[in-house]
Structure formats: structure tokens, C-alpha cells
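Student: According to this note's numbering, the residues represented by the sequence shown are 73 to 244, in order.
For each residue, glycine too, the CB sits at the ideal point set by N, CA and C.
Below you'll find the structure I mean.
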Amino acid sequence: MIKIIPMVAFALLASSCASLGQNVQTSKNNQSVKETPAYANIGDGLVTLESDYSVKETADRFESIIKEKGLTLFTRIDHQKNAEGVNLELRPTEAILFGNPKAGTKLMQCAQNVAIDLPQKVLISEGADKKVYLSYNSPDYLKARHNIQGCDKVISDVSTLLGKLSTAATSN
């Protein structure tokens with residue numbers, strides 16, 4: 073029995089992870105939209121998408137999209153530029169902090185400590201493989217991390233929005 077439990081746990085974990093790499097078909101006005109694979113790293117709670125663009129282009133696209141959607145841009149940080157300022161090297165890496173006080177406040181009303189992870193952030197970086205990635209905190213991970221209860225609709229809406237924003241910024 074003891075040997076069976078780890079095998080069952082591994083099988084469940086493997087099947088859960090396998091579904092994370094699957095593409096999700098979305099549509100807008102009954103038109104197909106290009107599928108972009110999203111990868112969730114269970115350990116760190118990040119959702120990561122590969123971008124078709126450079127770091128700067130992806131960040132510019134993301135910033136433009138959030139402004140078009142009426143979201144608040146709090147700041148954009150160019151970590152590579154900051155590293156150069158202290159004579160250090162870093163691959164292209166930018167972070168964008170943005171949000172919607174209406175959604176963020178609702179989350180904080182459910183679990184005020186989620187404020188440590190707000191406003192929402194996206195990280196756009198060039199990997200060692202020279203590919204560009206956009207990552208963000210999974211709302212489901214934040215739900216678990218902060219024991220958020222009674223906000224399933226808000227979590228779902230934020231998750232959907234982040235997926236759409238990220239896909240639009242990374243896909244041509």
C-alpha cells in the first residue's frame with residue numbers, strides 16, 4: 073500500500089501537468105483566434121507564454137493593450153537598463169505593474185494579505201535559449217497562497233483577462 077500511494081500521486085500530478093501544456097481555443101465573435109500554449113510552473117505559480125516578439129516589442133504591445141482596456145499602468149521597469157547603470161549584464165528583462173482597482177479591491181476584501189501581490193505584474197524576459205517569454209502570477213496560485221475564499225468569480229475573471237491580455241501581446 074505504501075508503494076501504491078506515491079505511484080498514484082505521481083500519476084495524478086503527471087496527468088495534471090500534461091493538461092497544462094495543452095492549447096486552449098478561444099474565439100471572439102465566432103472567429104478563431106491563434107492558439108498560444110501557456111505553461112504553468114506549479115512550484116512557483118507562474119503562467120508563462122512564449123512570445124513571437126522581442127522583449128521590448130512584447131512589453132510595448134502589453135502596455136498598449138492594457139491602456140486600451142482602461143487598466144491602470146502603475147510602472148514599467150527595464151531591469152536590463154538598471155543593471156547597465158551599475159555595470160552589470162542582464163539579458164533583456166522588463167516588468168510591468170498594472171491593475172484594476174475594482175478587481176483588486178474585491179480580492180483584498182476577501183483576503184487583505186493578497187495586497188502583497190498586487191498590483192498584478194507581468195515579467196517579459198529573454199531566456200538563456202534566446203526565446204522571449206511573458207510570465208505572470210496564476211490567480212489560482214494567489215488564491216491558494218492567500219487562502220482567498222468567496223471570490224471565485226473575481227479569480228476566474230482575472231485569470232481569463234490575464235490570459236487574453238498575454239496572448240494578445242505575445243502572438244501575431
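If I follow the unbroken alpha helix (DSSP H) through LEU160, where does it start and stop?
Tutor: Position 88 of the sequence shown holds residue 160. Counting along the chain, LEU160 falls outside any alpha helix (DSSP H), and DSSP gives it neither H nor E.
Student: Tell me, please, whether the region 170-181 touches the region 199-207 by the rule of three or more beta-carbon pairs shorter than 8 Å.
Tutor: With a cut-off of 8 Å, the region 199-207 and the region 170-181 do not count as touching, because too few Cβ pairs lie within range.
Student: Would you report the Cα separation of ILE43 and ILE220, rounded to the nearest angstrom?
Tutor: As shown, the chain starts at 73 and ends at 244. That puts residue 43 outside it, with no answer to give.
Student: The beta strand (DSSP E) that contains GLN192, what's its start and end?
Tutor: As a working note, residue 192 is residue 120 in the sequence shown. Residues 192-198.
Student: Would you mind reading off the limits of the alpha helix (DSSP H) that contains TYR213?
Tutor: If you number the sequence shown from 1, residue 213 lands on position 141. Its alpha helix (DSSP H) spans residues 211-217.
Student: Beta-carbon separation of ARG163 and SER123 under 8 Å?
Tutor: Here residue 163 refers to the residue found at position 91 of the sequence shown. Here residue 123 refers to the residue found at position 51 of the sequence shown. The answer is no: Cβ separation not under 8 Å.
Student: Taking the DSSP output, what are the residues bridged to SER207?
Tutor: Mapped onto the sequence shown, residue 207 falls at position 135. Answer by DSSP bridge pairing, in chain order: THR120 and LEU195.
Student: Alpha carbon to alpha carbon, how far is ASN159 from SER238? Give it in angstroms, no decimals.
Tutor: Translated into the one-based positions of the sequence shown, residue 238 becomes position 166. Translated into the one-based positions of the sequence shown, residue 159 becomes position 87. Going from the Cα of SER238 to the Cα of ASN159 covers about 32 Å.
Student: Rounded to the nearest angstrom, what separates ALA175 and HIS151 at their Cα positions?
Tutor: Counted from its first residue, the sequence shown places residue 175 at position 103. Counted from its first residue, the sequence shown places residue 151 at position 79. Their Cα atoms are separated by approximately 28 Å.
Student: Could you tell me the boundaries of the beta strand (DSSP E) in which ILE149 lies?
Tutor: As a first step, residue 149 must be located in the sequence shown, where it is residue number 77. ILE149 -> beta strand (DSSP E) spans 144-150.
Student: Does DSSP put GLY222 in a helix, in a strand, or in coil?
Tutor: Along the sequence shown, one-based indexing puts residue 222 at 150. Three-state result, GLY222: coil.
Student: Measuring straight from C-alpha to C-alpha, what distance separates THR120 and LEU195?
Tutor: For the purposes of this step, residue 120 is taken as residue 48 along the sequence shown, with counting starting at 1. For the purposes of this step, residue 195 is taken as residue 123 along the sequence shown, with counting starting at 1. One C-alpha to the other measures close to 9 Å.
Student: Quick check: the Cα distance between THR232 and VAL226, rounded to an integer number of angstroms?
Tutor: Position 160 of the sequence shown, counting from 1, holds the residue named residue 232. Position 154 of the sequence shown, counting from 1, holds the residue named residue 226. Near 10 Å, if we compare the C-alpha coordinates of VAL226 and THR232.
Student: Start and end of the beta strand (DSSP E) containing ALA167?
Tutor: On the sequence shown, residue 167 is found 95 positions in, with the first residue counted as 1. Segment 165-171, the beta strand (DSSP E) holding ALA167.
Student: Determine the direct distance from the alpha carbon of GLU166 to that of ARG148, and round the result to whole angstroms.
Tutor: For the purposes of this step, residue 148 is taken as the residue at position 76 of the sequence shown. For the purposes of this step, residue 166 is taken as the residue at position 94 of the sequence shown. The straight-line gap from Cα to Cα measures roughly 7 Å.
Student: Using three-state DSSP, classify ASP132 as helix, strand or coil.
Tutor: The residue you call residue 132 lines up with position 60 of the sequence shown. Correct three-state label for ASP132: helix.
Student: How long is the line joining the alpha carbons of GLU156 and HIS218, rounded to whole angstroms?
Tutor: Translated into positions along the sequence shown, residue 156 becomes position 84. Translated into positions along the sequence shown, residue 218 becomes position 146. Between GLU156 and HIS218, the C-alpha separation is close to 36 Å.
Student: I'd like to know whether the C-beta of GLU156 is nearer than 8 Å to at least one C-beta of chain B.
Tutor: Any reference to chain B falls outside this structure, which holds one protein chain only.
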